[in-house]
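Encoded as structure tokens, the structure appears first; notes follow it.
Written out as structure tokens, the structure is:
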């Protein structure tokens, strides 16, 4: 994980609303010669549920946390992709039958 000690203001946000019993993934797409940095992640379910939230840089897992109904994760130092040109994603595992999840990632890019 690449971290910056000073977080600058976010200039993008990506939200995804999942469907019934499906993984919800918010992704900042890869851009050539650009590095993405996360400043926060918000994950929640529309009903009571518990599932794993995974933040990944391309295919490499960088951070995981269990979400109990809802979770806000902020970073004291922005979490960045290892390499320029890599995407960064946050995926919330399915919450169960009749339950939909949502994920929002916020950050900036250099």
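Residue numbers (the working numbering): 1 to 110.
Built from N, CA and C at the ideal position, the CB exists for glycine as well.
Computed from a prediction, not measured in an experiment: that's the story for all the values here.
Under the DSSP assignment, residue 48 falls outside any beta strand (DSSP E); it carries neither an H nor an E label. The three-state reading of DSSP puts residue 109 in strand, counting E and B together. Across the set 96, 77, 52, 82, the C-alpha of 52 shows the shortest separation from the C-alpha of residue 66.
When C-alpha distances from residue 33 are compared across 19, 57, 109, 85, the shortest belongs to 85. Secondary structure at residue 76: strand, using DSSP grouped into helix, strand and coil. Annotation: the continuous beta strand (DSSP E) that includes residue 92 extends over 88-92.
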